[in-house]
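Residue numbers (this note's numbering): 3 to 548.
Ideal Cβ positions, reconstructed from N, Cα and C, are used throughout, including at glycine.
Every value quoted in this text rests on a predicted model; they were computed, and no experiment measured them.
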């Protein structure tokens, strides 16, 4: 992407002016906002000196200790000595695992005159405590410039245990280093899941050793078709394993997504025989979105996908595999397919949608066989209101994601009724590929996509204001970045930030602690910090103080 240097300078100045206009303190850059904060007014500051030592029960090579030194070095220019016993009068930094603290991501951060203490029962908790410390230093620049940290006590844990962003390299391939860069940014804001959309009509992006043709053909577009032309590439299994470790160090779990039975042109271009009886060879349209699906009555479909799921399960240590299940154009495929119609008669089905039960019963048997749990997009029996039931009978061990605008209240009701865990990704709040302001990115507006402003994203309450007893099955949130027009990592981060900051707070901070005005104040230094680290963001000019 070519940058307009003059525009970037103006952007930086606007952000700096906005930051200064709101003032600076040890809480002015905390994002997401911790759920319990006690400022220790009148107490003396902690002073970082060359004699400051680090007390820890972590191994010396623990990633959290490297992260501590990075934070101190970047914010203050100093580092602390790890493992050397403290002498009388010197300040001490404690980074300690404490099994008495309940909750995997629950941490405490206590800063006093002589001691800075971060404790939690897991590496994840300590990592989040360090991220909060980083933002304290970022916001309180006057003290930080003098290697001082104002006293504060924070006792914090997230509202939801599942806080995700989704990347879509199937539509436009993103190299591994770009995905790592994206992980670096999301980890700053306590996201803990990256959903990686690896297959779609436009591309198959994961190496399957038993079926190499999937990437030999499915990873390469016809130059004159597809979403704006050629976009080739795939991830080798060793690359993915390296990426998974990189993410795990930053407490991000990667969940792979293989979209079926629709969104499968890349598969059908490779193996046309997996399609319905009316499906001819489609290699000539590889990369286009066309209304084709896998055949429900084809044993080879289930054999090939058993092979695929086995290798995916071996690559990804995540507990779940996402199998899509969205936008299956049943009436244009299974209604016309003689094999599918024969199966319906054999099973006594009266609706083609019932074949989804048959299809996913067989597919999910493979998922469970290889030790994984299924995840699916939540589809209802009518994609527009009113909807009365699921499109098909989702098994109770399937985690569902609500996504269609306007249908989330019904999804909440039905998942509670049927016992499915639910992740919240309603399009009107969390679709990061939607334009952020009218006229922003004209190619999006030309597709008729609705605008999702920063304020709209911030107003998102994952519990939809329901009584606590009616939302116990809601386990988290996902910000979804579909890739049709995400041509590179700069576009990906531009569409993610600052709305990704708003969704981070929706996933972490309890509603009673959230405030739009407070968020705006805390957002500006974070946008400045992202830009400092080379992240291309959209500055919300419409709300920047002038």
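Beta-bridge pairing of residue 166 - partner residues as DSSP gives them: 195, 480
Sequence-distant residues of its chain with Cβ nearer than 6 Å to residue 489 (five each side left out): 174
Residue 118, DSSP secondary structure in three states: strand
Residue environment, residue 321, which counts as buried when at least 16 other CB atoms sit within 10 Å: exposed
Which listed residue (41, 37, 36) has its alpha carbon closest to that of residue 27: 41
Among 418, 428, 390, the one whose alpha carbon lies nearest that of residue 403: 428
Distance between beta carbons of residue 295 and residue 326, contact taken as under 8 Å: Between residue 295 and residue 326 the Cβ distance is about 11 Å, and since that is not below 8 Å, they are no contact.
Which of helix, strand or coil DSSP assigns to residue 256: strand
C-beta contact flag for residue 463 and residue 513 at 7 Å: yes
Residue 32 versus residue 134: straight-line alpha-carbon distance, rounded: 7 Å
Whole runs of the beta strand (DSSP E) within the segment 399 to 461, excluding any shorter than 3 residues: 401 to 404, 424 to 426
Identity of the residue in 154, 334, 83, 425 nearest residue 477 by Cα: 425
Other residues of its chain near residue 212: CB distance less than 6 Å, five sequence neighbours each side excluded: 309
Short Cβ contact (7 Å threshold) for residue 354 with residue 385: no
Contact belief for residue 509 with residue 161 at Cβ below 8 Å, rounded distance in angstroms: 7 Å
Closest Cα partner of residue 443 within the set 163, 64, 154, 496: 496
Alpha carbon of residue 232 to alpha carbon of residue 221, nearest angstrom: Here the model assigns residue 232 a pLDDT of 44, short of 50, so the residue's position is not dependable, and the following value carries that caveat. Straight-line Cα distance between these residues: approximately 10 Å.
In chain order, each alpha helix (DSSP H) run of at least 4 residues that lies wholly inside the segment 121 to 192: 125 to 141, 143 to 146, 178 to 190
For residue 521, the three-state DSSP class (helix, strand or coil): helix
Anticipated Cβ contact below 8 Å, residue 342 with residue 389, distance rounded: That pair is no contact at about 24 Å.
Of the residues 545, 150, 382, the one placed nearest residue 456, counting alpha carbons only: 545
Beta-carbon proximity list for residue 91, same chain, < 7 Å, skipping 5 on both sides: none
Contact check, residue 216 vs residue 272, beta carbons under 7 Å: yes
Where residue 318 sits in the DSSP three-state scheme: coil
Nearest-angstrom beta carbon gap, residue 130 and residue 167 [assumed within contact, 8 Å]: Not really, about 16 Å apart at Cβ, beyond 8 Å.
Spatial distance of residue 437 from residue 245 (CA atoms): 29 Å
Alpha-carbon spacing of residue 316 relative to residue 376, whole angstroms: 15 Å
With 16 other Cβ atoms within 10 Å as the buried cut-off, status of residue 536: exposed
Alpha carbon of residue 254 to alpha carbon of residue 433, nearest angstrom: 20 Å
Assigned secondary structure, residue 236 (DSSP; H/G/I helix, E/B strand, else coil): coil
Residues sharing a beta bridge with residue 29, DSSP: In DSSP, residue 29 forms no bridge with anything.
Rounded separation between residue 80 and residue 52 - CA only: 7 Å
Cβ-based neighbour list, residue 413, same chain, cut-off 6 Å, excluding 5 preceding and 5 following: 380, 404
Limits of the beta strand (DSSP E) - the one that residue 112 falls within: 109 to 113
Rounded C-alpha distance that separates residue 479 from residue 195: 10 Å
Option in 441, 78, 252 with minimal Cα separation from residue 454: 441
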